[in-house]
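Residue numbers (our numbering): 1 to 546. Cβ atoms here follow ideal geometry from the backbone N, Cα and C, with glycine treated the same way.
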Amino acid sequence: MIPRGTLPGPVVVAGLFIAAGLAWRAWLTMLVVPRTNSDEALIGLMATDIAEGAAAPAFLYGQHYMGAAEAWLAAPVVWLVGPSVPALRLPTTVAYLVFAVLLYRLTARLYSPWFAVLVTGLLAVGSDRVVKDQLIANGFAWIVPGCAALLWGALRLADPPGRDNRRSAGAVGPAGLRFAGFAGWGLVAGLVVWTDWLAAPYLLGAFALLVAGCRRDLLGRAGLLVGAGFLVGVAPQLLHDLTSPLADNSTLAYLRMAFGQDPPGEPPGALARLHGGLMIGVPMRMGLCGPGSCAPLAQLCGPVIVGLLIGVVSRGAWTARTPGARTARTAGRLALAVPGLLTIGLYAASSPAGATPTESVRYLCCLVISLPAVLWPLWSLARRTGRVRSAWPARAAIAILAAAAGAAGLAVGSTVDGHRQAAVDERALIAELDRRGIDRLYTDYWTCQRLMFATSRRIGCASVTALLRRGADKVPGARHQIETAARPVYVFASGGPEETAFAGYLRVLPEGPAVLAGAVEVAGYRLYAPDGRLAVPVDRPDRSDR
């Protein structure tokens, strides 16, 4: 029998889980899995510009509602080792490490250390969707650890030493350190607001927790420090809005993006949005789904997760009615659950939830912060050793969730070959373009920025929609290069909507048959090289996106 004192403690076990999760993500990063995309390529182009001193952007190119913090974090790495996808993913891998440590400490403080180990273990696995959102430099990877830091900081500041005649183990103590904590809290809050408003529900939850526990402090010097820190953090956004035209105002850009655009075609109905939001979005973002799809059992977990959050909020609100029960722990648990419900509700009410749930699920990136609030009711029931009959359903539910998360994580390994083959195809396309001396071309949105980043802008391109109109060209000056080129080439994924539309249009042009006959197939792409510029709709101004 092993002596009780020789067993590893929760901190050690959690540390092993975090180390395993970090090693898993580092291995995927070196393999460039998941494959890069146009958004990450844009971050790479911006990081290169920053590293070379060519630009100092406050927001992503063409997206004045997303701060450029991630590009600035990647710029020193790019400066040291050169532009590459692993260089871009080093900061995002660190973001996972920071988030895992913060969520463990937050969960251990609000619930229990061994429960925090369970949460950390589930986070370490990482499904295809979770790994994509954590590793791909998409512009918002750091808002998740940022929100976790705000919640943890608010909890520590709200529960100082000496309260209730005891010293809290995780509390911020000396006055000078407390004041630094308030300033740091405001700084992180400002940085999160600048980076992406997707974090708004959790930012509000952390602020409510801070106000609930530090109301008197905030009326004095601490409030001024929070405000000053916030202004410093959000300064890039303020400076941008004060010096840019009204059309580029970040707040207006975000409102236009959030409320002024619907996917092309018929807007999805309420049932489609509800299904996409609850049955696909929630379980997929919680790491219960395989690559690109959710099994029926995983889909059923979505409403269960929402029901658990509603139960936690209801119980917390009822408990808070009793003056003696209004503790920092009660407020902290509500600060995890309420933002989760609000995030799910906002997403389920949006058009992308019904139209493209498997892709737009990235808008639920912060939902994983609420994982402890979801699992705690099940853990509490499962720990009832005296009531076996009432405990076994909770134990079974935890086992099912753990098995689903584990299976989804293992499924990531099955995608490695596909992701690596896509990278091989892209290199083959670039090699063929270089062999033919082609450096100016039209292509689809998803390919354009990837080619520019992979070739350090040696190849310039402009994007084309499936309607053969101008796409969303976000890199400054990129489209002008193509529109002034004498013989731009057209490159599309074979059989894709853009290639199908372009081939159909060529058939009605006098010079079209010759261009079609000279088309070349290269690694899954079709290359059209006309002798001169084509009189096609692609050159007409249009406001369509992507």
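Where residue i falls, given that 16 or more other Cβ within 10 Å makes a residue buried
i: Thr120; result: buried
i: Thr107; result: buried
i: Trp318; result: exposed
i: Asp164; result: Because the pLDDT at Asp164 is just 45, under 50, the model does not fix this residue reliably, and the point stays unresolved.
i: Pro558; result: Outside the displayed span of the chain (1 to 546) sits residue 558, for which this structure offers no information.
i: Asp417; result: exposed
i: Thr447; result: buried
i: Gln421; result: exposed
i: Arg166; result: With a pLDDT of 40 at Arg166, under the threshold of 50, the predicted position of this residue should be treated as unreliable, and no value is reported.
i: Ala54; result: exposed
i: Glu52; result: exposed
i: Val81; result: exposed
i: Ser370; result: buried
i: Ala23; result: exposed
i: Ala431; result: exposed
i: Leu534; result: buried
i: Pro541; result: Note that Pro541 scores 48 on pLDDT, short of 50, meaning its location in the model is unreliable; the coordinates nonetheless yield the value given after this. Label assigned to Pro541: exposed.
i: Asp434; result: exposed
i: Arg547; result: Limits of the chain in this structure are 1 at one end and 546 at the other, which puts residue 547 out of reach.
i: Gly170; result: Confidence at Gly170 is low in this model, with a pLDDT of 45, below 50, so the placement of that residue is unreliable and no value is reported for it.
i: Leu246; result: exposed
i: Asp531; result: exposed
i: Ala206; result: buried
i: Ser293; result: exposed
i: Ala355; result: buried
Host alpha helix (DSSP H) of residue i (start-end)
i: Asp217; result: 200–218
i: Tyr445; result: 445–454
i: Ser314; result: 296–320
i: Phe140; result: Segment: none, Phe140 is in no alpha helix (DSSP H) and carries neither H nor E.
i: Leu429; result: 416–435
i: Gly176; result: 175–195
i: Glu549; result: Lying outside 1 to 546, the shown extent of the chain, residue 549 is not represented and no answer is given.
i: Arg273; result: 270–274
i: Ile482; result: 478–483
i: Leu371; result: 371–382
i: Asp241; result: 235–243
i: Val515; result: 512–517
i: Pro283; result: 282–285
Residue from the options whose Cα sits closest to the Cα of residue i
i: Arg109; options: Ala514, Ala328, Ser414; result: Ala328
i: Arg221; options: Gly176, Ala54, Ala423, Pro245; result: Gly176
i: Gly21; options: Ser463, Thr358, Val131, Leu308; result: Val131
i: Val13; options: Val101, Gln63, Arg129, Gly354; result: Val101
i: Pro236; options: Ala501, Gly524, Asn249; result: Asn249
i: Ala353; options: Pro303, Val424, Ala270; result: Ala270
i: Ile18; options: Arg178, Tyr61, Val94, Tyr65; result: Val94
i: Phe115; options: Val312, Trp79, Ala382; result: Ala382
i: Ile143; options: Gly524, Val368, Gly413, Gly460; result: Val368
i: Ser38; options: Ser414, Leu123, Gly471; result: Gly471
i: Tyr111; options: Leu31, Leu238, Gly332, Pro296; result: Gly332
i: Ala253; options: Pro83, Phe59, Pro530, Tyr202; result: Phe59
i: Val552; options: Ala154, Ala228, Met286, Gly437; result: As shown, the chain starts at 1 and ends at 546. That puts residue 552 outside it, with no answer to give.
i: Cys365; options: Ala141, Leu468, Ala23, Val515; result: Ala141
i: Tyr65; options: Glu498, Ala403, Val192; result: Val192
i: Thr413; options: Val11, Gly15, Gly9, Leu28; result: For the sequence presented, residue 413 should be read as Gly rather than Thr. Minimum Cα distance to Gly413 is reached at Leu28.
i: Gly518; options: Ala529, Leu509, Gly146, Gly15; result: Ala529
i: Val117; options: Ser127, Tyr104, Asp128, Arg129; result: Tyr104
i: Ala189; options: Arg156, Leu225, Gly233, Gly290; result: Gly233
i: Thr195; options: Leu238, Leu155, Pro174; result: Leu238
Segment limits, beta strand (DSSP E) that includes residue i
i: Tyr490; result: 489–493
i: Val464; result: 460–464
i: Gly67; result: 63–67
i: Val520; result: 520–522
i: Arg526; result: 525–528
Proximity test, residue i beta-carbon vs the ligand MG heavy atom, cut-off 7 angstroms
i: Gly205; result: The ligand MG is not among the ligands present in this structure, which contains no ligands whatsoever.
Examine the Cβ distances between the region 344–353 and the region 281–288 and report whether three or more of them are shorter than 8 angstroms. yes
Three-pair Cβ contact test at 8 angstroms for the region 32–44 versus the region 130–149: yes
Contact between the region 476–491 and the region 442–450: three or more CB pairs below 8 angstroms? yes
Within 8 angstroms, do at least three Cβ pairs link the region 297–309 to the region 328–343? yes
Between the region 446–457 and the region 502–514, can you find at least three pairs of beta-carbon atoms closer than 8 angstroms? no
Do the region 392–410 and the region 369–380 make contact, defined as three or more Cβ pairs closer than 8 angstroms? yes
If you scan the region 321–368 from start to end, which runs of the alpha helix (DSSP H) of 4 or more residues do you find wholly inside it? 328–348, 351–355, 357–360
I'd like to know if the region 422–436 and the region 517–537 are in contact, where contact means that at least 3 CB-CB pairs between them fall below 8 angstroms. yes
Inside the region 92–148 only - alpha helix (DSSP H) runs reaching at least 4 residues: 113–125, 128–135
Please give me, in chain order, every unbroken run of the beta strand (DSSP E) with length at least 3 that falls completely inside the region 25–89. 63–67
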